[in-house]
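Residue numbers (the numbering used here), protein chains in the order written: chain A, -6 to 425; chain B, 51 to 534.
Virtual Cβ for every residue (Gly too), placed ideally from N, Cα, C.
Below you'll find the structure, written out as structure tokens, and then a few comments.
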Amino acid sequence: MVRYRIVIVGLAVLLVGGGSVIGLRQGSDRVIAATPAAVTPIDWLGDSIARAQQRLRDVPGDYDTWAALGGAYLERARVSADPSYYPKAEGALRRSLTIHPDGNATALIGLGALANARHDFAAARDLAQRALRIDAYSADAYGVLADAQTQLGNAAAATSAAQRMLDVRPGLAAYARASYDLEQHGRLAESESLMRRALSAAVDPADIAFCRYQLGELAWQTGRLDAASTEYAAGRAADPSYLPLLAGQAKLAAALGRPGEALAGYADLTARYPAPTYLIDYADLLRAVGQPARADEQLGLAAAALRLFTANGGTDNLGAAQLALAQDRPADAVRAARREWSRRHFADVADVLGWALHEAGSNTQALPYARRASALGARNAGYLFHLGMIETSLGKKGDARRDLRAALALNPHFSPRYAPLAQAALSRLGVR
Amino acid sequence: MSRRLWLGLAALGVGVAVLALPAQSASAHPLGNLSVNQALALNLYPNRVDVAAVIDLAELPTLQERAAVAVEGSTRYNARICQQLARDLTVRLNGRRLVWTVRPTGFEYRPGSAGLHTTRVTCALSAHADLAAASTVDVTNGYRADRIGWRELTATGHGVHPVDPPIPARSVTDELRAYPTDLLGSPLDQRSARLRVDPGDGPAALGPKTHLQRGDPVSRWIASADRTLERLVGDRLTPLVGVLAVALALALGAGHAALPGHGKTVMAAYLAGRHGRPRDALVVGAVVTFTHTGGVLVLGLLLTTAAGLAGEVVLSWLGVASGVLVAALGVAMLLTALRRRAPAHDHAHDHRHGHDHQHGHDHRHHTHRDHHHPHETGPGRRLGLVGMGVAGGLVPSPSALVVLLGAIGLGHTAFGVLLVAAYGVGMAGTLTAAGLLLIRLRDRWTARPHRSLTRLAGLIPAGSAALVLCVGLGLAGRAAMALG
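As structure tokens, then:
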């Protein structure tokens, strides 16, 4: 009898216990089902985000995973161009730092990368340096530092950071940064070969698309349109959703004399992602094909996008200057470009400030900035065109002829709007 | 080093950390200014499938399409968008694609950030479908598939029910009005789902996330009233709508307080154990109103200013705080009751037990205590009452929060505050009424000169204190479990 009782009691315990365990399970399943999760097929990044999220639901004090999640959100923002991930990334990274304020290099590196993405390069540099004080062998910290120093115009510091990154952990990220650094110095062949090494190290479709895009841009810069076309196409084959490739292809179509295709490409791109730079390029093309009203429409959109960026706490004086130039407001462009120049001495900023001063009629002031843009040896048709036009205005005919010729030799199609102007200016200067 | 300073501050607690964050990227539109967001609600009937669609265009897409709206007019634009949606939304019943009848139901501009606007377009699609027998429904939303945006799908059965549906029955964003800011949630990107649909209203008919709709008629009524109020706040404000909304908020507050929780048990035990008077019930009610209104306002403010603050976590922590407070009150009551019992446990009730004095451990204390008996007054007692009220109102009612956030989102902040206050008054009303009822019952009961009952009454202080302690621990434990 006793044995029966034991069996019955045991069964009851088993049933009740099992029921409660199943109940618990179902409860937690329900929680998971209720929390949104991205469902994209073969999504490596999405998987790691989902795993980190689950881990943090179980262990909310795991600062390492918080920092890793912040980094993954940043990566998501970069790949998908979806800015809504930035506040999430910041929240996760700050949570990590809150839990573990001292010696948390990973969180500092993530915040540095975020600052770079938001164009706060000085903050990014400081964060990377703080991370390096904790971990002097962090390749990622050197990456953030290299990006920040490049954009701040500290070329030597940028090169040494990129070199350190290559030493510590040669790989896709290091190759890509070293390649960009070489490009800044006009060493385009070496830059391309490093980007090819980056490509051979790339596995993820988004990374392949990134490398292909960079290779396409390098080919474009030296006027090798066929090579550029091949790279862009290969990139889109790897990841059709990588948006810069669409911009590259549209730009290429315009250069190859297919304005219809180019306009359709830009329309598609800006419908998907109305970023100011794309909108300004689109407007340039519209103006070049004689549709000024539609061009103005795009610039109005670009102005709104910039206003939103500012309303969200960002500052983009370079973008504001470029927009002002596109809208023929040279005085505003000078003001914005000067503000940016006071923050950082990057070649692009020098170029835009020089061109803005030229458009505002101050060619004497403009010249040193335009020269500064190419000072590192960068071979950029746009920079050379601006320099040549400024020299033309100053009556330096020999210099102007040399630089305009160099611009057109580098890439005769560098801009649908300005390449014809360069041609015309050169023929006015006469052949010598 | 100011950075160091705020990090130090941040470590102190959630609230400080949130306030110390730099106020950047407080995007008025939750998913970025260039997103196109969609919420599709499937309603399944035995003879048809309906879809209520909401499309929310953030500032930049709104600007991009403004020219088109200006050219064709908002009505035709609405119709065109709905036609495109119907073209790209594929629902297959057992493999056969349904054919939609399309009805555009709304177009409006709403204020966005940087002085720009957002667009809210709604459509109603309907298709004949024979769901009388068990069937499979496949949904694929390919509308504007290349745009960044929040995409959600929900499914509800009416006379049929989805079995273990992979998608919820109710929108987690209140149809794109309030996006969650949980750091651990990725934006929803639900583009497709497969539903198994059986005839009849099954137990799983309501799917996950619908606990509010289940249960007794009272909770169901409250849930539907919640939604009505949320909808009212979203409407254009007229005096009638305002009065209706306030009345509804009052009723809802009262109704929520009538549901389990909110420390009614505790208050009852407290009033019973401490010889509460009608005035005490009023005090508790007033404190509940104040605490609840203030709590909702502060939390609402935090949630609107700080991206990345998880509302549920804060609620859980408040739940823990409330539970701990109740438990502390229980301990205090228990101590008082024991102290009183030890020397002369029912000295105040009848003096027949005077001989008990010889058991006194602490005679001085006993006499001192006598001054406070039978009706305790003074700071300790008032503190207890206030504590009770604070504990009752500390955990904001999620629906009051939703109403407030909705009102803020629509620029009706003052109205939202008013509604929340009405909510608190309603809650206080129920709690006070419950308290008064309890006092009346207790008075009638203890008035009877029955010996056994009198002895029982002597046990009330200790018993009720223990009850309060247990309930407090229970509340704190439950809230802590939710924190994980």
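- In summary, the residues of the region 186 to 214 of chain B whose CB is separated from some CB of chain A by less than 8 Å are 196, 197, 198, 202, in the order they occur in the chain.
- For residue 234/B, the three-state secondary structure derived from DSSP is coil.
- Residue 141/A and residue 63/A have their alpha carbons spaced roughly 19 Å apart.
- Note on geometry: alpha-carbon atoms of residue 249/B and residue 195/B lie some 32 Å from one another.
- In this structure, the beta-carbon distance from residue 359/A to residue 383/A falls below 8 Å.
- Annotated three-state conformation of residue 233/A is coil, per DSSP.
- In this structure the region 332 to 352 of chain A does not lie against the region 287 to 298 of chain A, because fewer than three pairs of beta carbons, one per stretch, are closer than 8 Å.
- Boundaries of the beta strand (DSSP E) harbouring residue 187/B: 185 to 191, taken from the DSSP string.
- Inside the region 106 to 175 of chain A, DSSP marks whole alpha helix (DSSP H) runs of 4 or more residues at positions 114 to 127, 132 to 145, 148 to 161, from first to last along the chain.
- Put simply, the backbone Cα of residue 394/A is about 29 Å away from that of residue 148/A.
- For the region 326 to 357 of chain B, not one full-length beta strand (DSSP E) segment reaches 3 residues or more.
- In the DSSP assignment, residue 377/A falls within the alpha helix (DSSP H) that extends over 374 to 386.
- Here residue 66/A is actually not in contact with residue 89/A; their C-beta atoms are around 12 Å apart, not less than 8 Å.
- If you look at residue 406/A, you'll find it isn't in any alpha helix (DSSP H); DSSP assigns it neither H nor E.
- When 376/B, 335/B, 147/B, 433/B are compared, the shortest CA-CA separation from residue 186/B is found for 147/B.
- Taken in chain order, the unbroken stretches of alpha helix (DSSP H) that lie wholly in the region 303 to 336 of chain A and span 4 residues or more are 310 to 319, 323 to 336.
- Between the C-alpha atoms of residue 304/A and residue 251/B there is a straight-line separation of about 49 Å.
- Of the other Cβ atoms in all chains shown, 16 or more fall within 10 Å of the Cβ of residue 224/A; this residue is therefore buried.
- When C-beta atoms of the region 196 to 207 of chain B are compared with those of the region 156 to 165 of chain B, fewer than three pairs fall below 8 Å, so the two segments do not count as touching.
- In this structure, DSSP gives residue 354/A a state outside helix and strand, which the three-state scheme calls coil.
- Cβ proximity to chain A below 7 Å picks out 163, 164, 166 from the region 157 to 169 of chain B.
- Taking the Cα of residue 329/A as reference, the smallest distance to any Cα among 302/A, 278/A, 138/A, 309/A is reached at 309/A.
- Taking the Cβ atoms as the reference, residue 247/B lies roughly 11 Å from residue 189/B, outside the contact range of under 8 Å.
- With 16 or more other CB atoms across the displayed protein chains lying within 10 angstroms of its CB, residue 376/B is buried.
- A residue is called buried when at least 16 other Cβ atoms come within 10 angstroms of its Cβ; residue 473/B meets this threshold and is buried.
- Of the candidates 345/B, 381/B, 482/B, 366/B, the residue whose Cα lies closest to the Cα of residue 443/B is 345/B.
- For residue 202/B, there is no enclosing alpha helix (DSSP H); the residue is part of the beta strand (DSSP E) that begins and ends at 201 to 207.
- In the displayed model, residue 445/B falls within coil according to three-state DSSP, outside both helix and strand.
- Here the alpha carbons of residue 384/B and residue 490/B stand approximately 24 Å from one another.
- Apart from sequence neighbours up to five positions away, the residues of its chain that approach residue 100/B with a beta-carbon distance below 6 Å are 93, 176, ordered along the chain.
- Counting the other CB atoms within 10 Å of its CB gives residue 156/B a total below 16, which places it among the exposed residues.
- Any Cβ of chain A closer than 8 Å to the Cβ of residue 84/B would place that residue at the interface, and such an atom is present.
- Contact annotation: in the region 185 to 207 of chain A, no residue has its CB less than 7 Å from a CB in chain B.
- With distances taken between CA atoms, residue 82/A lies nearest to 104/A out of 368/A, 93/A, 104/A.
- Per DSSP, residue 93/A lies in no alpha helix (DSSP H) segment and is marked neither H nor E.
- Look at residue 225/B here: in three-state DSSP terms it is coil, with no helix or strand label.
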